[in-house]
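I have placed the structure first, in the form of C-alpha cells, so that the comments after it can refer back to it.
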Amino acid sequence: MRNKERQKNLNAIRKKLSFFIKQNKQLNLRDLSRKLNKNDAYLQQYISRGSPSFLPEEERKILSEITNLNINLLTPEWLQVIPSNSEDLMSLKNISDNKEIKISSSLFNNYKNLNVNLIELIELKIKQNNYYYSVKIIFDKNVTNFVDNNFYLLQDKSEIFLVYLSKDKSKNLQSSKIIVRPYDTDLRPFRIDNKSLVIHSKVIFLGSLEKFNNQNA
Numbered sequence: 007m008r009n010k011e012r013q014k015n016l017n018a019i020r021k022k023l024s025f026f027i028k029q030n031k032q033l034n035l036r037d038l039s040r041k042l043n044k045n046d047a048y049l050q051q052y053i054s055r056g057s058p059s060f061l062p063e064e065e066r067k068i069l070s071e072i073t074n075l076n077i078n079l080l081t082p083e084w085l086q087v088i089p090s091n092s093e094d095l096m097s098l099k100n101i102s103d104n105k106e107i108k109i110s111s112s113l114f115n116n117y118k119n120l121n122v123n124l125i126e127l128i129e130l131k132i133k134q135n136n137y138y139y140s141v142k143i144i145f146d147k148n149v150t151n152f153v154d155n156n157f158y159l160l161q162d163k164s165e166i167f168l169v170y171l172s173k174d175k176s177k178n179l180q181s182s183k184i185i186v187r188p189y190d191t192d193l194r195p196f197r198i199d200n201k202s203l204v205i206h207s208k209v210i211f212l213g214s215l216e217k218f219n220n221q222n223a
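Going left to right, the sequence shown walks through residues 7 to 223 as this note's numbering numbers them.
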C-alpha cells in the first residue's frame with residue numbers, strides 16, 4: 007500500500023474513533039487514555055495530531071473491548087490478517103452491484119453463531135461538510151433490533167442510511183428512546199422510540215471514505 011493510501015486509511019480510522027466517542031457520552035478520551043495506561047492526552051494527540059500514527063495491537067484490543075467496536079475498525083488495512091489460502095476466504099454479496107466478493111473470514115473472529123448467509127456488503131454515498139464520499143460497509147442482517155451503542159443501517163422504504171445509535175439516558179423520558187445520529191451531515195440527529203425504529207442491519211466493518219471526483223455524482 008502506497009504512503010498516500012496508508013495515510014488516507016489512518017485518517018479514516020482516527021475519524022471513525024473520534025465520531026464514535028463523541029456520540030457516546032459515557033466515553034471520553036481522557037478516561038480511555040488512562041485505561042491504556044497512558045497520559046491523559048494520549049488519545050487526543052492520536053486523533054488530532056496523528057501521534058502515534060496508529061495504535062499498537064494491545065491498545066486496539068483494549069479499546070475494542072471497552073467500546074464494543076470491532077477491532078478491525080481500529081486496525082490499519084495492511085495490519086489486518088491476510089488469509090494464507092483460499093479456505094480462509096468467504097464470499098459476500100455486494101448488493102450495490104449484485105456481485106460476489108472475497109474477503110478474509112478473520113473479520114468475523116469476534117462474532118459467534120453468525121449466519122454468513124446474512125452478511126453482505128454495500129457501498130453508500132455519504133455527504134460530509136459539503137463533499138460527497140463513497141464508503142464500503144459490511145453489515146449483519148442477523149441483527150434487526152437495537153443491541154448496543156454502535157453503527158447501524160436504517161431503512162426507509164428503498165433508502166438505506168448509515169447512522170450511529172445510542173440509548174437515550176435522559177431521566178425525564180418515560181419511554182425507551184434511541185438517539186439516531188446520521189453519518190451524513192445533511193441529515194439531522196433525532197430521537198425515536200425503540201419500537202418504532204426500523205433497523206436494516208448492524209455494521210460489522212466501516213471502510214474509509216472515498217471522495218467522489220465529480221461532486222454531482
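Backbone N, C-alpha and C define an ideal beta-carbon position, used for all residues, glycine too.
Note that the coordinates shown come from a computational prediction; the quantities given were computed from them, not determined experimentally.
### Query
Is it a yes or a no for the region 212-219 touching the region 193-201, going by three-plus beta-carbon pairs under 8 Å?
no
### Message
If contact is defined by three or more beta carbon pairs under 8 Å, each pair taking one atom from either stretch, is the region 151-162 in contact with the region 198-212?
### Response
yes
#### Entry: Nearest-angstrom Cα separation, counted from S39 out to A47
7 Å
### Query
Ordered along the chain, which non-local residues of its own chain (more than five positions away) have a Cβ less than 6 Å from that of F26?
none
### Query
How big is the Cα-Cα spacing for S172 and Y139?
24 Å
### Task
Identify, in the order they occur along the chain, each residue of the same chain with its Cβ nearer than 7 Å to the Cβ of A223, setting aside the five sequence neighbours on each side.
In this prediction, A223 has a pLDDT of 48, which is less than 50 and means its spatial position is unreliable; nothing more can be read from the coordinates.
### Message
Whole angstroms are fine: how far does the CA of L33 sit from the CA of D103?
### Response
38 Å
### Query
Going along the chain, which residues of its own chain have a beta-carbon closer than 8 Å to the beta-carbon of L120, five neighbours each way excluded?
F114, D146, N148
#### Entry: Spatial neighbours of K133 in its chain, beta-carbon cut-off 7 Å, leaving aside the 5 residues before and after
D190, T191, D192
### Query
Under three-state DSSP, which class holds D192?
coil
### Query
If you compare alpha carbons, which of E129, W84, P58 is closest to K105?
E129
### Query
Which whole-angstrom value describes the C-beta separation of L95 and I109, a residue pair presumed to lie in contact below a C-beta threshold of 8 Å?
7 Å
### According to DSSP, residues forming a beta bridge with S140
K131, E216
### Query
Between which two residues does the alpha helix (DSSP H) harbouring N15 extend?
9-29
### Message
Between N78 and N156, how many whole angstroms is the CB-CB distance? I'm expecting something under 8 Å.
### Response
That belief does not hold up - the Cβ atoms of N78 and N156 are roughly 14 Å apart, past 8 Å.
### Query
Does the distance from the CB of E65 to the CB of L42 come in under 8 Å?
yes
### Message
With H, G and I counted as helix, E and B as strand and the rest as coil, what does DSSP make of I125?
### Response
strand
### Task
May I have the straight-line CA-CA distance separating N9 from I107, to the nearest angstrom?
26 Å
### Message
Excluding the 5 residues flanking N30 on each side, which residues of the same chain have their C-beta closer than 8 Å to its C-beta?
### Response
T73, N155, S172
### Task
Tell me whether K201 sits in a helix, a strand or coil according to DSSP, three-state version.
helix
### Message
Output needed for P82: all residues of its chain with C-beta closer than 8 Å, excluding positions within five of it in sequence on either side, in chain order.
### Response
R12, N15, L16, I19, F60
### D199 versus E165: straight-line alpha-carbon distance, rounded
20 Å
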